[in-house]
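Take a look at the structure below.
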Amino acid sequence: MKKFRKVLDGLTTSSPVNPGGSPACGSAAGTPSAAPTPRDLEIQETLMSEHFQICKTVRHGFPYQPTALAFDPVQKILAIGTRSGGVRLLGRPGVDCHCQHESGAAVLQLQFLINEGALVTACADDTLHLWNLRQRRPAILHSLKFNRERITFCHLPFQSKWLYVGTERGNTHIVNIESFVLSGYVIMWNKAIELSTKTHPGPVVHLSDSPKDEGKLLIGFESGTIVMWDLRVKRADFRIYYDEAIHSVSWHHEGRQFMCSHSDGSLSMWNMRNTAKPFQVTFPHGKTQRDSRKESCKPILKVEYKTSRNSEAFVVFSGGLSYDKAGRRPTLTIMHGKAITVLEMDYPIVDFMVLCDTPYLNEVQEPYAVVVLLEKDFVVVDLTQSNFPIFENPYPMDVHESPVTCTAYFADCPPDIIPVLYSIGAKHKKTGYSHKEWPVSGGTWTVGSQTYPEIIVTGHADGSIKFWDATAITLQMLYKLKTSKVFENPKSGDMGRSGDLVEEDPYAVQMISWCPQSRIFCVVGISAHVILYSFSKHDANTTITSLEVRLQCEMEDVISPSDTENTPCYSDPSGLSPQPQPPSPRSNTPDSTRDSITCLKVKDRMIRTPPGYQAELVVQFLWIDGEPPQQITSLDLNSAYGLLAVGNCNGLAVVDYLQKTILLCMNTLELYGSADPFQRLTRSPRKNRQSTSGLTELSDNQVSLDLERSKSPTSDHVNGHCTSPTSQPCPSGKARVPGGPEGPRLARRGPGRPPFRKAQSAACMEVSLPVSSLTEESRENSFSRSRSSSVSSIDRETKEAVTTLQFMESYGRKSDSLPTPCLWVGTSLGLVLIIPMSIPMDEQERQEDHVTVAPTGTVLMLKGSILRFSFLDCGGALIHSPYEVWRDQQAPGDPDRPRKRKLVNFSASSSQEASGDCHLAVVCSERQAKVFLMPTQACLYVHNITESSFVLRADVVSVCNSVCLACFCANGHIMTLSLPSLRPLLDVNYLPLTDMRIARTFCFTNGGQALYLCSPTEIQRITYSQEMCDNLQEMLGELFTPIETPEAQNRGFLKGFFGGNAQTFDREELFGEASAGKGSRSLAQHIPGQGGMEGMKAAAGGVVGELARARIALDERGQRLGELEERTALMMTSAETFSKHAHEMMLKCKDKKWYQF
């Protein structure tokens, strides 16, 4: 328990005082009010360190850089391997599991132990792993590391425990799946080929047993050599030497013939009776030229040959197109009889599999679907319909449809918001999908007991917004909003518009602000624009109002700190600067061709908007004197006040979106008045002019990333300006004007220009890497050039950026006795300004009277750029911002009884009576957190969060019926601090910040949850709540469900007699240690996994560990008793045998005389 009673004892030493002896923080505008002192407050904190634990929950989205694919036809579970060593396991909706190899090596191949609840993975580090899927979180049971040979192909026959492993040297090894050790049986490449062959056959690219005889193994080498190896007699039945390289082989189910795909785009059919030459060679996409030669085609990388009982066989392959047409899209070809269907794909094909009804290779396959794994998508084609439609994908595989630029996470939303968004979004869903059920339907999943509405909102580079239902660790698309529809399409000849000012992504989303209660939604775009949306269930004909903001800083400031670093503020009510009126939005100066124009043009006509979110207002920052507007760094809206606040590197603008007017437009320096705690010297306004004509360009300057990792990405203190996320400094200090000396669009899409430049939602970030060597991946994994905005570095040239904004019922002055609407402003220099406002409460007056905004000069100070504000009442409970209850303004209603605004207020005075009118303000910066008592502005608690790094994200969240401050630092630490005492509760080095994507998308939410983009295509959700970690097993789906293996079909007497039944043989007898001996220990090393018995012994702890150890001891004791019983039985048998032989000897010798012996 923490109390405020002892706070005053150290208050004088922890808070600086002015020479007069009064606290230096706060305003001196009047005498303090009669609010209670900290000695009168008592707050009981219930959160302890035991309430927190970091744990990954679930991963959503498409597996990044996929490499392999596998399917269990009985369990109906799908597995996808990735280049980073990840394995994604998918079943029915809700059954979605991500596993990760610790080595991070790429997954080369996946093999299910069909209907056994196990999976074998072959990785690029030449290691085989056996995963146990019979638990909600799969674990590795065994690993086998090859030392001298590289793995190229694996094959596991159905219902077999022996895995065939082909290597780069051309050898084939055999691994026992149960013990995960090598067998002594090895097929060496020099024995597989003829002795007369002078060249090496190359790596093994295919292994499969004959459907007719399991004792025959077909080995395909890369060079075109094919060997049918008889496992029993250990010799080759036949060898095929083909001129073209082999990529894949597929059997006919009867085992009489097989098909090969080759590097020249051909398919060859081979008959087992005559292997001298193929009986059929086809070029499916190769046309015969005039000289009777086939045109050259691309390789067919994979082919599958599947038979059907009621129709002709299916031949499915990827590749094989001719080289004649450049830029052709990747294709999947389906040959069904004489019909050839070519399906064009949006991305290159990584792998595909034909799904069949039976797991037995010697039965008619009956294919029903094709799973196609693309580089950035996942498609399932229905083979049962002639037009081959695709299935509607139930997984959120399109998170990256356009690159994600920002995220927001809302837990415990109003329960009605998800059904409403879903009903609106369902009207815009695509059609033409297959009507059959999704074929990947394995596993079981039930909604857990502890569920509440959760919504994830993602902003994208094309200006689209997606709302996702994230309830109960699932993710389902609810609604999609396209912000680009608000603007006119930019024309190439429209000078001064988007076509000349920005590049490929002028609508990219940087920030979003959403009030779920009022359903007001606000979007910040990369072109320095803000769009405000209201929600309606009805369509409407509306005209979008456009407001233009002219905001610039006319001076370059040299800032020197005061003598005392922690002196928070100076205030003088008489020194308030008058509020300037916004200048004219247009300039009539003939030579100011780039003055007072916007980056994008808003549609100025009446437009029809469908139900859902409908644009009401667009706020755009203007070009000034040939310089583009600085990008927006902070945003907040309040539906109860009807106000919108926007900040950038130059200053602040407050907009009344009910009256569609601009209330305040000031640069940051003017907001202070005479209360500026720094000494600023006016400099030339023309120095270091910056242009963002390259809104999507990268700097050519190389910057050491390692030296910049400990610096804050908020403002640039070196170049004398705050750099935008995608800005580029101009050479020689000249503004880069499109259409000027550099030409209309110099290198608009040159060879060195990146195809996409993402907008970064963090304030003022600049990426500085060589353009010529940048790819999309390197840009994703690059740090921005970031500067420290701490107090210790404010002696450099800078503009002071507005980094965070918050509307709240608070106290603008010390003398205030009641809370009033206020705007809290945080800057990149660690300063906090409180701006009180006068807002009419009557609905009619609110529409007619003006809102008064009066900066008072009240200033608070912290170390580092301000990141977050939050407010607590004197009982320690979180005070929410007031909001307006949603009302559908487009709904038809009674004109005589118009719908009135219904406001919900959470002021501190209404929540407590005994403590009086006061509340606590929690302020968090990049390096420090402070708790202030309002209105006295006394600093009650201070905590230095980090000295060597900086905080990237901070949020005040609800956990376990209490509140805490959650922080994510650039060094990868996740911290939680108690409120209001700021006592550390959790500090875990969870995630090193390796790229700016994580910083841009990391966000906390209530209930102890958080998320971030772990790759360009995947969202990783985590929890820092011990309670949720304990309940996670209940929330996850089951991958394995007990299902009886289907019985093999009865082939009949005549078919078996004339066609030959599939022969079986005892692999244990052939490959076991008794006959084949042990494998070479130097060739492969067995590594026990954490999911095995050894891992259980090592990891067991606590009560569960004791039970596990007791179970292990019982198993071992039972095993020893069994062995003792067997030895006893052997001794009894031996004694009986000895007694029998002794009796026989006695009978034989009893009548003999002594001399006969």
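Residue numbers are given in the working numbering: position 693 of the sequence shown equals residue 1533, and the series is strictly consecutive. Just so it is clear, CB atoms sit at the ideal spot from N, CA and C, and this is done for glycine as well.
So, helix, strand or coil for L1987, using DSSP?
DSSP places L1987 in helix when its eight states are reduced to three.
Tell me whether the beta-carbon of K1443 lies closer than 8 Å to the beta-carbon of F1327.
Taking 8 Å as the cut-off, the Cβ atoms of K1443 and F1327 count as close.
Which same chain residues end up closer than 7 Å to E1966 when comparing Cβ atoms and leaving out the 5 residues on each side of it in sequence?
none
How is M1112 classed by DSSP in three states: helix, strand or coil?
coil
Runs of alpha helix (DSSP H) lying entirely within the region 1230-1294, each at least 4 residues, in chain order
For the region 1230-1294, whole alpha helix (DSSP H) runs of length 4 or above, ordered along the chain, are 1257-1266.
From the DSSP output, read off the bridge partner residues of I1080.
I1066
Considering just the uninterrupted stretch of the beta strand (DSSP E) at L1315, what are its terminal residues?
Looking at the DSSP string, L1315 is not in any beta strand (DSSP E), and its letter there is neither H nor E.
For my contact list, R1793 and F1844 are in at a C-beta cut-off of 8 Å; report their separation, rounded to the angstrom.
7 Å
Do A1485 and F1709 count as a contact pair if the criterion is CB distance below 8 Å?
no
Starting from the C-beta of F1020, find all residues in its chain whose C-beta is less than 7 Å away, skip the five residues before and the five after it, and write them out in chain order.
Answer for F1020: L970, H982, L984 and H1926, listed in chain order.
Which value, in whole angstroms, describes the spacing of the CA atoms of T1857 and S1655?
52 Å
Determine whether the beta carbon atoms of C1505 and V1389 lie at a separation below 8 Å.
yes
For T1382, list the residues DSSP reports as bridge partners.
I1447
So who's on the other strand from D1795, going by DSSP bridges?
The beta-bridge partner set that DSSP reports for D1795 consists of A1806.
Can you tell me whether H941 sits near the ligand NAP, meaning its C-beta is under 7 Å from at least one heavy atom of the ligand?
Annotation note on the ligand NAP: not contained in the displayed structure, which lists no ligands.
CB-CB under 7 Å to S1242, same chain, minus the five flanking residues each way: which ones, in chain order?
H1300, A1301, D1302 and S1304
Closer than 8 Å by C-beta to M841: which residues in its own chain qualify, once you throw out the five before and the five after it? Chain order, please.
Low confidence applies to M841: its pLDDT is 43, below 50, so where it sits in the model is not reliable enough to give any reading.
So does the region 1207-1226 actually touch the region 942-955, counting three or more Cβ pairs closer than 8 Å?
no
Pair within 8 Å by beta-carbon distance, L968 and G957:
no
Given a cut-off of 8 Å, decide if Y1145 and M1099 are closer than it, judged by their beta-carbon atoms.
yes
Those residues which DSSP pairs with A1012 across a bridge:
Note that residue 1012 corresponds to Thr in the displayed sequence, not to Ala. Per DSSP, G1006 and I1027.
Of the listed residues I1366, G934 and D1191, nearest to T1245 (C-alpha basis)
The candidate whose alpha carbon is nearest that of T1245 is I1366.
Which same chain residues end up closer than 8 Å to I1257 when comparing Cβ atoms and leaving out the 5 residues on each side of it in sequence?
Same-chain partners within the cutoff: P1293, I1295, P1356 and R1359.
Determine the extent of the alpha helix (DSSP H) in which M789 is found, giving its start and end residues.
In the structure displayed, the chain extends from 841 to 1997; residue 789 sits before or after that span and is not available.
Just the Cα atoms here: how many angstroms apart are V1803 and L1718?
7 Å
Nearest-angstrom Cα distance between M1237 and A1888?
Using only the alpha carbons, I get a separation of about 36 Å.
Classify D1496: buried if its beta carbon has 16 or more other beta carbons within 10 angstroms, exposed otherwise.
buried
How would you label Q940, buried or exposed, when you count the other beta carbons within 10 angstroms and need 16 or more for buried?
exposed
Under the DSSP definition of a beta bridge, which residues are partnered with R899?
Q1860
According to DSSP, which residues form a beta bridge with R928?
Looking at the DSSP output, R928 shares a beta bridge with I920 and H938.
Give me the residue from M1109, I1140, P1199 and K896 with the minimum Cα distance to P913.
P1199
Count the other CB atoms within 10 Å of the CB of F1978; is the residue buried (16 or more) or exposed (fewer)?
exposed
Residues that DSSP places opposite G1365 in a beta bridge:
V1349 and H1369
At 4 residues or longer, what runs of the alpha helix (DSSP H) sit wholly inside the region 1688-1712?
none
Three-state secondary structure (DSSP) of F1647:
strand
Measuring straight from C-alpha to C-alpha, what distance separates E882 and T1786?
28 Å
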